[in-house]
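Keeping their order, the protein sequence lines are chains A and B.
Counting in my numbering, the first sequence runs from 1 upward without gaps.
Counting in my numbering, the second sequence runs from 1001 upward without gaps.
See below for the structure under consideration.
Number of protein chains: 2
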Amino acid sequence: MSLRFALLALLTAQPMTGYDLAKSFHSSVGHVWNAPDSQIYPELRRMETGGLIEATAVARNTQATHATKRIYHITATGEQAFRAWMATPIEYTRERDPAHLRAAYFEWADQEAVRKQLLAHVGHWNELREQWQGQFGAIRDRTHPIFAQRLLISPESEWARITAYKLFAYEGLIARAEQEIDWAERGLRLVDELEPQPREDGGGRLGEDRGTIPGEEVDR
Amino acid sequence: MSLRFALLALLTAQPMTGYDLAKSFHSSVGHVWNAPDSQIYPELRRMETGGLIEATAVARNTQATHATKRIYHITATGEQAFRAWMATPIEYTRERDPAHLRAAYFEWADQEAVRKQLLAHVGHWNELREQWQGQFGAIRDRTHPIFAQRLLISPESEWARITAYKLFAYEGLIARAEQEIDWAERGLRLVDELEPQPREDGGGRLGEDRGTIPGEEVDR
DNA sequence: CGGACCATGTAAGCGGTTACATGATTCT
DNA sequence: AGAATCATGTAACCGCTTACATGGTCCG
């Protein structure tokens, strides 16, 4: 159900075609509630039948089957529904965390696999962190096109509020990403503590830890 | 697909009936990957046809239609599949965060609604935090029944590893919960800054800026 | 004998996923 | 002329949700 309101949120800034909406979506709300195009188009149709949005067909240069595009705009009903939804309590979903699920059973994986998982975790959350950081910066500096548009249509007295809440939202996401990265890095240190230098094949050389051993199977 | 492996993980500790499994599930792995009973039973059947687990029917005292229970145990194939899955890269899902989605558009809600949402957020994550904290404590103190069983069937040399990884997993969850709580509390302070005391009914009111002006159009 | 707990599901429905399909327009 | 991008989807499938269904056993 949230997808509907994420789309509605976008349409409060300006009317758009499904295509533009999908694009804007991916570069704004999509960072906090993502969905593929194949879910967006049908949802828009449903929202239209539900009276939340309306489309005005705009002819393109030629006339043919696909020669019109539909520009959606939010209706009064839609805006009302959006406001109502904002006041509705959040529906938290069941806990479902693939990373922590695996981590709880890491004893079933060998050292290299664990390390790989944790590094992937760092990588994943680092990517997200950068995306969110980017959004944060663009909002703070007012270079974010969709956000700029939103300010444009809002009274200046509202700008502080609008900006503050968006920054607040992204701030939380960034903090979460950093937490995940910290956690995975603690995990990497833990692996080293638990299974110090798994194999040292010569005599006397300490501190000499190589990643792989010649002839060793790397994949698994 | 993860549910399958969450169940498999439990069955590596000991054979169980679907019923016991569901119960154990809710008080252990369920804290990190939750699912209702109605999903567990069919999944067990599928796992059985897939050869990951096997059931031995055990007659109950009388004989009637429902007079047998099925005790599932993991097969060699199942254990292999579980190990393989542990080494398989995590599939991260799309970002979908109802709380942060709302937060990004808090300017559409009034102060009270925002405050309510944020308090609910604190409440929600506090509950989770307590649950996870409980799990963490029970594992650390070895009072956790399922975990104790796991240690029982494992060589003592593995105990440190098993324990450390589980504590590590829950540690991460607890840290996340605390982060979410911090975030929401920052949000509550932000609301106060943005819309200071909408109503103080005593005297001496300076800084008298109220959120709304009588007769003013609120929507835009 | 009744209530708690053991034991195992079914059914309908929806949101979401992946993959594929089609044609128009614009730019170089 | 061909590539990128505009524009809009369909189809099949599956995991997951909510709600409901059924009966057995054990204990006081």
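Where a beta carbon is used, it is the ideal one built from N, C-alpha and C, also for glycine.
All figures in this text were calculated on a predicted structure; none of them were measured in a lab.
- Using DSSP with H/G/I as helix, E/B as strand and the rest coil, what is B/T1012? In this structure, DSSP gives B/T1012 a state outside helix and strand, which the three-state scheme calls coil.
- Query: Closest to A/V114 by CA distance: which of B/E1107, B/L1194, B/M1086 is it?
  - Reply: Comparing Cα positions, the closest option is B/M1086.
- Alpha carbon to alpha carbon, what distance is there between A/E171 and B/A1177? Cα to Cα, B/A1177 sits roughly 16 Å from A/E171.
- Message: Is it buried or exposed, A/Q63, if we count other Cβ atoms within 10 angstroms and call 16 or more buried?
- Response: Only weak support is given to the placement of A/Q63: the predicted model assigns it a pLDDT of 48, under 50, and the question is left unresolved by the model.
- Any beta strand (DSSP E) of 3 or more consecutive residues that is wholly inside the segment 15 to 79 of chain A: Listed in chain order, they are 53 to 59, 68 to 74.
- Query: Given a limit of 7 Å on CB to CB distance, which residues of the segment 1095 to 1111 of chain B reach chain A?
  - Reply: Hits within the stretch, in order: E1095, R1096, D1097, P1098, A1099, H1100, L1101, R1102, A1103, A1104, Y1105, F1106, E1107, W1108, A1109.
- Item | Which residues DSSP lists as bridging B/R997, in chain order | Examination of residue 997 of chain B is not possible in this model, given that chain B is present from 1001 through 1220 alone.
- Coil, strand or helix - B/H1124 by DSSP: Residue state, collapsed to three classes: helix.
- Minimum Cβ-Cβ distance from A/A87 to chain B less than 8 Å: At least one CB atom of chain B sits nearer than 8 Å to the CB of A/A87.
- Consider the Cβ of B/V1122: report whether some Cβ of chain A lies at a distance smaller than 8 Å. No - not a single Cβ of chain A is within 8 Å of the one on B/V1122.
- Message: Below 9 Å on C-beta distance, what does A/E91 contact in chain B?
- Response: Those within 9 Å of A/E91 in chain B are P1098.
- Task: Could you confirm whether any beta carbon from chain A is found closer than 8 Å to the beta carbon of B/Q1063?
- Result: Only weak support exists for where B/Q1063 lies, its pLDDT of 49 falling under 50; the coordinates are left without a value.
- Have a look at B/L1190, B/S1024, B/I1153, B/D1141 and flag the residue whose alpha-carbon is nearest the alpha-carbon of A/A160. When only C-alpha atoms are compared, the closest one is B/L1190.
- Item | Segments of 4+ residues assigned as alpha helix (DSSP H) that fall wholly inside the segment 115 to 200 of chain A | Here the runs fully enclosed are 145 to 152, 159 to 194.
- Task: Name, please, each residue of chain B whose Cβ falls closer than 7 Å to the Cβ of A/Q117.
- Result: Near A/Q117 (Cβ distances below 7 Å), the residues of chain B are I1090.
- If you run the structure through DSSP and keep just helix, strand and coil, what is B/A1104? Three-state result, B/A1104: coil.
- Could you name the residues of the same chain whose beta carbon sits closer than 8 Å to that of B/I1153, not counting the 5 residues immediately before and after it, in chain order? A1013, Q1014.
- Neighbourhood of B/R1004 by C-beta distance below 7 Å, restricted to the same chain and skipping five residues each side: Excluding residues within five positions, the ones whose Cβ falls inside 7 Å are E1043, M1047.
- Query: Taking Cβ-Cβ distances shorter than 8 Å, what residues in chain A pair up with B/V1029?
  - Reply: Identification of chain A residues near B/V1029 by a Cβ-Cβ cut-off of 8 Å yields L101, A104, ordered along the chain.
- Query: For A/W53, which option in A/E107, A/F82, A/P98, A/Q149 has the closest C-alpha, if you only look at C-alpha atoms?
  - Reply: For the record, residue 53 of chain A in the displayed sequence is Ile; it is not Trp. Of the candidates A/E107, A/F82, A/P98, A/Q149, the one whose C-alpha sits nearest the C-alpha of A/I53 is A/F82.
- Message: Once the 5 residues before and after B/K1069 are set aside, which same chain residues still bring their CB inside 6 Å of it?
- Response: Contacts found: T1017, V1058.
- Nearest chain A C-beta to B/L1173 closer than 8 Å, yes or no? At least one chain A Cβ lies under 8 Å of B/L1173.
- Message: Below 8 Å on the Cβ atoms is my contact criterion, and I expect B/H1031 with A/E95 to pass it. Report the Cβ-Cβ distance as a whole number of Å.
- Response: Under the criterion of beta carbons closer than 8 Å, B/H1031 and A/E95 qualify as touching, at roughly 6 Å.
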